[in-house]
Amino acid sequence: MPPLTPTPALVALQDFLKLAAHPPKRGEGLPQETTPLLRHLWYSWNRRHLSFQWLLRQRCRKLRPRTQALLEWALTECYLLTGLPPHDAVNLAVLYVRQQWGAQEAGFVNGVLRGILREAPPAPGALDALWEKAPESVRWGLPPELWERWRKLWGAQEATKLAELLQHPAPVTARRRGSLATLPAPLTFSAAQELFQEATGDTPTQEFYLQDPSTMLAPALLDPKPGETLADLCAAPGGKAVALAERMQGQGHLLCADSAPPRMPRLQENLQPFPWVTLEVRDATHPQLPPHSLDGLLLDVPCSNTGVLRRRPDVRQHFSLAHLRELTNLQEQILTACAPLVRPGGRLVYSTCSIEPEENRQQVTRFLKQHPEYTLEEETQLLPQKSHDGAYAARLRKG
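Position in the sequence shown counted from 1, then plus 836, gives you the working numbering.
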């Protein structure tokens, strides 16, 4: 059989299968060199991977991982994307399997896909028909543990609204570089939100930062001022660090650090306009800074990322209660290690992009019990909305 013509669809299929066989590690995200086409395909699939997995298990006793990935690629193309007509997606999948794995497996793939498409021809609402009898978590492509948590936290109606919202990609928004410096003091989150506008493919990145408005919540609570000594010890990729630098206007000292060397190039790139900022690889669980040396400290700690599922749909596959416990332990270690760094009268802002209580209010409550020298001045929990992601931040004042 002659080799298939290397069309964009075939290249996307091949790249997808490679990525599915060796996905990014937890917290890493896609490589920067990932093409927009593959990125869109990968994220679209992640939103419905758990749903497609359930669907295929109802029809197939046992699937090889490669066949599972191939079938889910085809279902993603047929039901979630518009670039490839469904019959072309099925034909390409069958031809690819026949060439790579043999006629018998190709016949199996053909039968499974055409059976599903006969049952629910691709059209608005078709997916609802496919998993009409599925558990609620499957309908929303969420891990059962996460869905049940949200039902208990907010009730079935609100959890459903949230799950439905998270099935749609997040809007792409932008803020003009340097715009935070134009706002009067004190800096407020509502004022910072007004700086954002919808971004398009023509938005010049040399003039704008592409970021979500929720990233301004923690910097607004810290309210940095020129001349202060500040630190952002979980700084990568740098969106919040840039906000701090803009408000300081080159006056004072700002240390931006992260524990992961692979994340430093992105941080350096974002902070390139601020050569006076100090960049270091530094572990926030062992910060090795003098006690009482900071006027303000931002700790945007590692978290479950459940507030940014629209932007990071791969998080769906990584969520578990066991990992949540690991994260809360790490967050507690960071808070405990960094608490002595703030001078009396200074402030510590703790933040996450999570909507889980254990990582947010409960974490802060536990910290305050263990550190009576701190008091809670203000906290905000943002749930995902059409206009912004979910986030949490709390400002703690040291007495």
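Backbone N, C-alpha and C fix where the C-beta goes; we use that ideal spot for every residue, glycine too.
Just so we're clear, the structure is a prediction, and the values are computed from it rather than from any experiment.
Per DSSP, cross-strand counterpart(s) of residue i
| i | result |
| --- | --- |
| Tyr1045 | Arg1011 |
| His1089 | Thr1065 |
| Ser1187 | Asp1136 and Ala1229 |
| Gln1198 | Bridge partners of Gln1198: none, in fact. |
| Tyr1210 | Lys1234 |
| Thr1216 | Ala1229 |
Secondary structure of residue i, DSSP reduced to three states
| i | result |
| --- | --- |
| Arg985 | helix |
| Thr912 | helix |
| Phe1203 | helix |
| Pro1180 | strand |
| Thr1121 | coil |
| Leu1232 | strand |
| Gln904 | helix |
| Gln1155 | The question names Gln, but residue 1155 is Phe in the sequence shown. Phe1155 falls in the coil class under three-state DSSP. |
| Phe1110 | coil |
| Leu877 | helix |
| His1004 | coil |
| Asp1150 | coil |
| Asp1094 | strand |
| Leu1145 | coil |
| Asp1131 | strand |
| Leu840 | coil |
| Glu1030 | coil |
| Leu1115 | strand |
| Leu1057 | helix |
| Thr1051 | helix |
| Leu846 | helix |
| Glu1192 | coil |
Which listed residue (the options) has its alpha carbon closest to that of residue i
| i | options | result |
| --- | --- | --- |
| Leu886 | His1154, Pro872, Ala1071 and Leu1090 | His1154 |
| Gly1226 | Glu1168, Arg902, Gln1169 and Leu1053 | Leu1053 |
| Glu913 | Gln1033, Arg1011 and Val926 | Val926 |
| Ala1229 | Arg1013, Glu955, Lys969 and Ser1187 | Ser1187 |
| Thr1065 | Leu963, Thr1114, Thr903 and Ala942 | Thr1114 |
| Ala999 | Cys896, Leu1069 and Arg884 | Arg884 |
| Leu1057 | Leu1212, Pro957 and Glu869 | Leu1212 |
| Arg1146 | Arg1202, Thr841, Gln1199 and Leu1001 | Leu1001 |
| Ala1071 | Thr1142, Gln1042, Asp1059 and Asn1106 | Asn1106 |
| Ala1175 | Ser1156, Val1144, Leu1157 and Asp1131 | Asp1131 |
| Ser1129 | Pro1097, Arg1099 and Val1178 | Val1178 |
| Ala965 | Leu1232, Glu1215, Tyr915 and Asp1038 | Tyr915 |
| Thr903 | Ala856, Lys861, Gly863 and Pro867 | Ala856 |
| Trp990 | Arg1012, Cys1092 and Pro1193 | Pro1193 |
| Ala1010 | Gln1029, Leu1019 and Leu917 | Gln1029 |
| Pro1111 | Leu1103, Ser1140 and Val1117 | Leu1103 |
| Pro1220 | Phe888, Ala995, Leu853 and Trp909 | Ala995 |
Exercise. Between the segment 914-934 and the segment 974-981, are three or more C-beta pairs nearer than 8 angstroms?
Worked result: no
Problem set entry | Touching by the beta-carbon criterion (3+ pairs, under 8 angstroms), the segment 1118-1130 and the segment 940-958 | no
Exercise. Does the pairing of the segment 1021-1030 with the segment 1177-1186 give three or more beta-carbon distances under 8 angstroms?
Worked result: no
Exercise. Do the segment 1086-1095 and the segment 1043-1051 meet, that is, are 3 or more Cβ pairs less than 8 angstroms apart?
Worked result: They do not touch, by the three-pair rule.
For this session: Quick one: which unbroken alpha helix (DSSP H) runs of 4-plus residues sit fully inside the segment 937-988? Chain order, please.
Result: 939-955, 962-966 and 972-975
Exercise. Can you find at least 3 beta carbon pairs, one from the segment 863-880 and one from the segment 1139-1159, that sit closer than 8 angstroms?
Worked result: yes
For this session: Could you pull out every unbroken alpha helix (DSSP H) segment of at least 4 residues lying fully inside the segment 851-900, listed in chain order?
Result: Those alpha helix (DSSP H) runs which fall completely within the segment 851-900 and span 4+ residues are 872-893.
Exercise. Is the segment 887-901 touching the segment 866-874, taking contact as three or more C-beta pairs under 8 angstroms?
Worked result: Verdict: no, contact absent.
Exercise. Does the segment 1093-1101 come close enough to the segment 1030-1046 to have 3 or more Cβ pairs within less than 8 angstroms?
Worked result: no
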